[in-house]
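Trainee:
Number of protein chains: 2
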Amino acid sequence: MAAQRGQRGGPGRKSAESAAPVGSGAPAASEVTTPMPAVDEQRARSIPEAAVARLAVYLRVLSAMAEQGATTVSSEELSSSAGVNSAKLRKDLSYIGSYGTRGVGYEVDVLVGQIERTLGLTHNHQVAVVGIGNLGHALANYGGFPGRGFPVAALFDVDEDLIGVPVGGLAVNHIDEIPLVCAQRGISIGVIATPPAAAQAVCDRLVAGGVESVLNFAPVVLQVPEHVEVRKVDLAVELQILSFHVARRADDDEETEPAANGQAKGVDRVVIGR
Amino acid sequence: MAAQRGQRGGPGRKSAESAAPVGSGAPAASEVTTPMPAVDEQRARSIPEAAVARLAVYLRVLSAMAEQGATTVSSEELSSSAGVNSAKLRKDLSYIGSYGTRGVGYEVDVLVGQIERTLGLTHNHQVAVVGIGNLGHALANYGGFPGRGFPVAALFDVDEDLIGVPVGGLAVNHIDEIPLVCAQRGISIGVIATPPAAAQAVCDRLVAGGVESVLNFAPVVLQVPEHVEVRKVDLAVELQILSFHVARRADDDEETEPAANGQAKGVDRVVIGR
DNA sequence: ACGATTTTGTGCATGTGTTCACAAGTGGAT
DNA sequence: ATCCACTTGTGAACACATGCACAAAATCGT
Numbered sequence: 054m055a056a057q058r059g060q061r062g063g064p065g066r067k068s069a070e071s072a073a074p075v076g077s078g079a080p081a082a083s084e085v086t087t088p089m090p091a092v093d094e095q096r097a098r099s100i101p102e103a104a105v106a107r108l109a110v111y112l113r114v115l116s117a118m119a120e121q122g123a124t125t126v127s128s129e130e131l132s133s134s135a136g137v138n139s140a141k142l143r144k145d146l147s148y149i150g151s152y153g154t155r156g157v158g159y160e161v162d163v164l165v166g167q168i169e170r171t172l173g174l175t176h177n178h179q180v181a182v183v184g185i186g187n188l189g190h191a192l193a194n195y196g197g198f199p200g201r202g203f204p205v206a207a208l209f210d211v212d213e214d215l216i217g218v219p220v221g222g223l224a225v226n227h228i229d230e231i232p233l234v235c236a237q238r239g240i241s242i243g244v245i246a247t248p249p250a251a252a253q254a255v256c257d258r259l260v261a262g263g264v265e266s267v268l269n270f271a272p273v274v275l276q277v278p279e280h281v282e283v284r285k286v287d288l289a290v291e292l293q294i295l296s297f298h299v300a301r302r303a304d305d306d307e308e309t310e311p312a313a314n315g316q317a318k319g320v321d322r323v324v325i326g327r
Numbered sequence: 054m055a056a057q058r059g060q061r062g063g064p065g066r067k068s069a070e071s072a073a074p075v076g077s078g079a080p081a082a083s084e085v086t087t088p089m090p091a092v093d094e095q096r097a098r099s100i101p102e103a104a105v106a107r108l109a110v111y112l113r114v115l116s117a118m119a120e121q122g123a124t125t126v127s128s129e130e131l132s133s134s135a136g137v138n139s140a141k142l143r144k145d146l147s148y149i150g151s152y153g154t155r156g157v158g159y160e161v162d163v164l165v166g167q168i169e170r171t172l173g174l175t176h177n178h179q180v181a182v183v184g185i186g187n188l189g190h191a192l193a194n195y196g197g198f199p200g201r202g203f204p205v206a207a208l209f210d211v212d213e214d215l216i217g218v219p220v221g222g223l224a225v226n227h228i229d230e231i232p233l234v235c236a237q238r239g240i241s242i243g244v245i246a247t248p249p250a251a252a253q254a255v256c257d258r259l260v261a262g263g264v265e266s267v268l269n270f271a272p273v274v275l276q277v278p279e280h281v282e283v284r285k286v287d288l289a290v291e292l293q294i295l296s297f298h299v300a301r302r303a304d305d306d307e308e309t310e311p312a313a314n315g316q317a318k319g320v321d322r323v324v325i326g327r
């Protein structure tokens, strides 16, 4: 198998793309020998990945509702505001426990509290932003990051001219200092906003600094040790997906059109269905 | 159910969150009273949503390989570089046709061409960025947008001081002009980078201007007509998901604490040296 | 006190996506 | 010409996610 080039991928490394932290997680040991003790423990593990993402959304909607003075909310209300099916919402909430009252609904405060606890938002997570370019600058200035609880505690870049310059009230450090600074400041989440070529090296340094969660904006598949969690946000991919839907729509229209003479269009078989 | 407040949700509107353009699916006929006899079975078309996202990744990897002079590639090579299982890669590729040669692999050029065609990248998609704040500014300056094929052709903001000011070589227009300008310039993708409160109004204007694909960075669930596609990128949600995993890990450790004679499970602590 | 009404929580069926495993082509060696 | 090593393409098993439908609580009205 011609390695096509020193493809990175050392031992114990996994590649991460598309934010699918499938992890190695043992297939949910359903039959745990535990009789039925803690109502808390063992919860987290069994929550479907997809549900976790939605919980974050529910939390935002709930916070907004709380601000407007709502004290209770039904699954119907909450689900429609969150843009999901009410049954799905109830099932999602059931993963974190039963905090609703039949015939009444959910108490907003309680729900907010439980979701925050589940998502581990009860304490802050120091964030480091690497790559103070356009995007990095924007991120650093977000100020505490949306939703709070994620204070930006470190900034890094290679550009010597930026070192020491305060961005959003925080001085920029050189990327060589990543391991040291991250360890010192207890950074738990690293955000990579560098050019693709630098991403892997930066990621390695973050990991060396003890960071176990990375949010990657660079269009590269990062190679990381098993225990590191990577989520990815890829502008190009998002746009291309939208492009795909535009194209699909166009195809549909064309197809439905009555005319269509010779139709020598090279399109072979994008149309899978039958 | 009390609409909680003028919760937008007019007729023919759907809510969109979590970048799950479920658009297709069956829920479309929820209102229609067609319980028994499935009207159209023809709607089966389309490539799995998840596969589309991966195709975009394969495309990037392939482009990089092509630049390095590779002419053919095996599913094994490509999949490992893309961070996926090789079987999944082959299945994904099979959705767009059979362009591989057994015993040999895929011709890079051909594959690139076919994926581009499938994703509708054979022609440009004009992009409009609304909200020229930190993020919008960064997006506008991305210059043609990553991967090219997505030229930024219009910029909008409410701030009078910004109107007319050139950002990334393009003058900013007022958001009231969105419908007109979008129609004139044939914008096909709208990017919302405004504060949450303004997002829905902006989205409505984009739709009025004929935009059918929206990339939303604002933390809100947008309500859009059936035919509009929405993808969402939510910083806060991403961070919270990471937070969840950090918390889960912490719980696990705590849980495993009593026992385990130093014999950890997987490959922990891997030396980054490559 | 009790039934009508509301809304949660969940078992089950359905659907979608992932992985396995292998037959079927392909090129090169003999 | 035949065999062999290799790699694709895909049927089928499996795993996960979604949505339905309804019994189980809880409240309210009479």
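Heads up: the protein sequence lines correspond to chains A and B, in order.
Heads up: the first sequence begins at 54 in this note's numbering, then just goes up one per residue.
Heads up: the second sequence begins at 54 in this note's numbering, then just goes up one per residue.
Glycine included, C-beta positions come from ideal geometry on N, C-alpha and C.
(1) Determine which residues share a DSSP beta bridge with PRO278 of chain B and list them.
(2) To the nearest angstrom, how far is the alpha carbon of GLN179 of chain A from that of ALA300 of chain B?
(3) Alpha carbon to alpha carbon, how far is VAL182 of chain A from LEU208 of chain A? Give it in angstroms, no decimals.
(4) Apart from the five residues on each side of it in sequence, which residues of its chain come closer than 7 Å, Cβ to Cβ, to ASN138 of chain A?
(5) How should LEU192 of chain B be labelled, buried or exposed, when 16 other C-beta atoms within 10 angstroms of its C-beta is the threshold for buried?
(6) Please name the residue in B:THR171, B:ARG66 and B:PRO219 whose C-alpha comes closest to that of HIS298 of chain A.
(7) Does chain A have any CB closer than 9 Å to the CB of THR171 of chain B?
(8) When the Cα atoms are used, what is the spatial distance from VAL267 of chain B to VAL286 of chain A?
(9) With a threshold of 16 other CB atoms inside 10 Å of the CB of VAL255 of chain B, please say whether the residue is buried or exposed.
(10) By the 10 Å Cβ neighbour count, where 16 or more other Cβ atoms means buried, how is ARG322 of chain B classified, buried or exposed?
(11) From which residue to which residue does the alpha helix (DSSP H) around ASP210 of chain B run?
(12) Cβ of GLU120 of chain B less than 9 Å from any chain A Cβ?
(13) Where does ARG284 of chain A fall in DSSP's three states?
(14) Contact criterion: CB-CB distance below 9 Å. Does GLN253 of chain B meet it with respect to chain A?
(15) Mind checking if TYR195 of chain B is an interface residue toward chain A, Cβ cutoff 9 Å exclusive?
(16) How long is the line joining the alpha carbons of ALA82 of chain A and VAL205 of chain A, rounded to whole angstroms?
(17) Am I right that ASN226 of chain B and ILE216 of chain B are in contact with their C-beta atoms under 8 Å? What's the rounded C-beta distance?
(18) Can you confirm whether LYS144 of chain B, when its beta carbon is compared against all beta carbons of chain A, has any partner nearer than 9 Å?
(19) LEU108 of chain B CB to nearest chain A CB: under 9 Å?
(20) I need the straight-line Cα distance from ALA251 of chain B to VAL273 of chain A, nearest angstrom please.
(21) Mind checking if LYS67 of chain A is an interface residue toward chain B, Cβ cutoff 9 Å exclusive?
(22) In this structure, what does DSSP give as the bridge partners for PRO219 of chain B?
(23) So, ARG302 of chain B versus GLU279 of chain A, is the Cβ gap smaller than 9 Å?
(24) What is the rounded straight-line gap between the Cα of VAL260 of chain B and the Cα of CYS235 of chain A?
(25) Check whether chain A comes within 9 Å of ILE294 of chain B, counting only Cβ atoms and requiring the distance to be less than that.
(26) According to DSSP, simplified to helix, strand and coil, what is GLU160 of chain A?
(27) Using beta carbons (cut-off 9 Å, strictly below), is LEU223 of chain B in contact with chain A?
(28) What residues in the segment 278-302 of chain A bring their beta carbon closer than 8 Å to a beta carbon of chain B?
(29) Which value, in whole angstroms, describes the spacing of the CA atoms of VAL157 of chain A and PRO249 of chain B?
(30) So the candidates are B:GLU102, B:SER68, B:ARG66 and B:ALA69; which of them puts its Cα closest to the Cα of ILE294 of chain A?
(31) Do GLY221 of chain A and TYR195 of chain A have their CB atoms nearer than 9 Å?
(32) Just curious, the alpha helix (DSSP H) that GLN345 of chain B is in, first and last residue?
Mentor: Taking the definition as stated:
(1) As a first step, residue 278 of chain B is located in the second sequence; it is residue number 225 there, counting from the start. According to DSSP, which records beta bridges pairwise, PRO278 of chain B is partnered with B:ARG66.
(2) For the purposes of this step, residue 179 of chain A is taken as residue 126 along the first sequence, with counting starting at 1. For the purposes of this step, residue 300 of chain B is taken as residue 247 along the second sequence, with counting starting at 1. Taking the straight line joining both Cα atoms gives about 14 Å.
(3) Counting from one through the first sequence, the residue named residue 208 of chain A turns up at place 155. Counting from one through the first sequence, the residue named residue 182 of chain A turns up at place 129. Answer to the nearest angstrom: the Cα atoms are 5 Å apart.
(4) Counting from one through the first sequence, the residue named residue 138 of chain A turns up at place 85. Contacts found: SER132.
(5) Numbered from 1 along the second sequence, position 139 holds the residue referred to as residue 192 of chain B. LEU192 of chain B should be labelled buried.
(6) Looking up residue 298 of chain A in the first sequence gives position 245. It is B:THR171 whose Cα lies nearest to the Cα of HIS298 of chain A.
(7) Counting from 1 along the second sequence, the entry for residue 171 of chain B is found at position 118. Yes, because at least one Cβ of chain A sits closer than 9 Å to the Cβ of THR171 of chain B.
(8) Working through the second sequence from its first residue, we reach residue 267 of chain B at position 214. Working through the first sequence from its first residue, we reach residue 286 of chain A at position 233. Their backbone Cα atoms lie some 16 Å apart in a straight line.
(9) The residue given as residue 255 of chain B occupies position 202 in the second sequence. Classification of VAL255 of chain B: buried, given that the 10 Å Cβ count is 16 or more.
(10) What you label residue 322 of chain B is simply residue 269 of the second sequence in a count that begins at 1. Summary for ARG322 of chain B: the model assigns pLDDT 34, below 50, so the residue's position carries little reliability, and this model does not support an answer.
(11) To locate residue 210 of chain B, count along the second sequence from 1; it is residue 157. Run containing ASP210 of chain B: none in the alpha helix (DSSP H); it sits in the beta strand (DSSP E), 205-210.
(12) Taking the second sequence and counting its residues from 1, one reaches residue 120 of chain B at position 67. Under the 9 Å criterion on CB atoms, GLU120 of chain B is classed as non-interfacial with respect to chain A.
(13) On the first sequence, position 231 is the one that residue 284 of chain A refers to. Looking at ARG284 of chain A - three-state DSSP - the assignment turns out to be strand.
(14) In the second sequence, residue 253 of chain B corresponds to position 200, counting from 1. By this cut-off, GLN253 of chain B is not an interface position.
(15) Residue numbering aside, residue 195 of chain B sits at position 142 when the second sequence is read from its first letter. So, interface residue.
(16) Your numbering for residue 82 of chain A matches position 29 in the first sequence. Your numbering for residue 205 of chain A matches position 152 in the first sequence. Caution applies to ALA82 of chain A, whose pLDDT of 34 falls short of 50 and renders its modelled position unreliable; the value that the coordinates give is listed next. When rounded, the distance between both Cα atoms is 37 Å.
(17) Taking the second sequence and counting its residues from 1, one reaches residue 226 of chain B at position 173. Taking the second sequence and counting its residues from 1, one reaches residue 216 of chain B at position 163. By a beta-carbon distance limit of 8 Å, ASN226 of chain B contacts ILE216 of chain B. Their separation comes to about 7 Å.
(18) In the second sequence, residue 144 of chain B corresponds to position 91, counting from 1. Cβ-Cβ to chain A under 9 Å: no for LYS144 of chain B.
(19) What you label residue 108 of chain B is simply residue 55 of the second sequence in a count that begins at 1. Output row for LEU108 of chain B: interface = yes.
(20) The count along the second sequence starts at 1 and reaches residue 251 of chain B at position 198. The count along the first sequence starts at 1 and reaches residue 273 of chain A at position 220. Whole-angstrom Cα-Cα distance: 32 Å.
(21) For the purposes of this step, residue 67 of chain A is taken as the residue at position 14 of the first sequence. Answer yes: the Cβ-Cβ gap between LYS67 of chain A and chain B drops below 9 Å somewhere.
(22) What you label residue 219 of chain B is simply residue 166 of the second sequence in a count that begins at 1. Bridge partners of PRO219 of chain B: B:ALA224.
(23) Against the second sequence, residue 302 of chain B aligns to sequence position 249. Against the first sequence, residue 279 of chain A aligns to sequence position 226. Result no, Cβ atoms of ARG302 of chain B and GLU279 of chain A do not sit closer than 9 Å.
(24) Residue mapping note: residue 260 of chain B aligns to position 207 of the second sequence, counting from 1. Residue mapping note: residue 235 of chain A aligns to position 182 of the first sequence, counting from 1. Distance between the alpha carbons of VAL260 of chain B and CYS235 of chain A: 44 Å.
(25) The count along the second sequence starts at 1 and reaches residue 294 of chain B at position 241. Yes, ILE294 of chain B counts as interfacial toward chain A.
(26) Reading the first sequence from its first residue, position 107 is the one you call residue 160 of chain A. Here GLU160 of chain A sits in strand by DSSP.
(27) Position 170 of the second sequence, counted from the start, is the residue given in the question as residue 223 of chain B. No, LEU223 of chain B does not count as interfacial toward chain A.
(28) PRO278, GLU279, HIS280, GLU282, ARG284, VAL286, ASP287, LEU288, ALA289, VAL290, GLU291, LEU292, GLN293, ILE294, LEU295, SER296, PHE297, HIS298, VAL299, ALA300, ARG301 and ARG302
(29) In the first sequence, the residue the question calls residue 157 of chain A occupies position 104. In the second sequence, the residue the question calls residue 249 of chain B occupies position 196. Each residue's Cα considered, the two are about 30 Å apart.
(30) By 1-based counting over the first sequence, the position of residue 294 of chain A is 241. For ILE294 of chain A, the nearest C-alpha among the options comes from B:GLU102.
(31) Taking the first residue of the first sequence as 1, we reach residue 221 of chain A at position 168. Taking the first residue of the first sequence as 1, we reach residue 195 of chain A at position 142. Contact flag set, yes.
(32) The structure shown does not extend to residue 345 of chain B, since chain B is modelled only from 54 through 327, so no value can be given for it.
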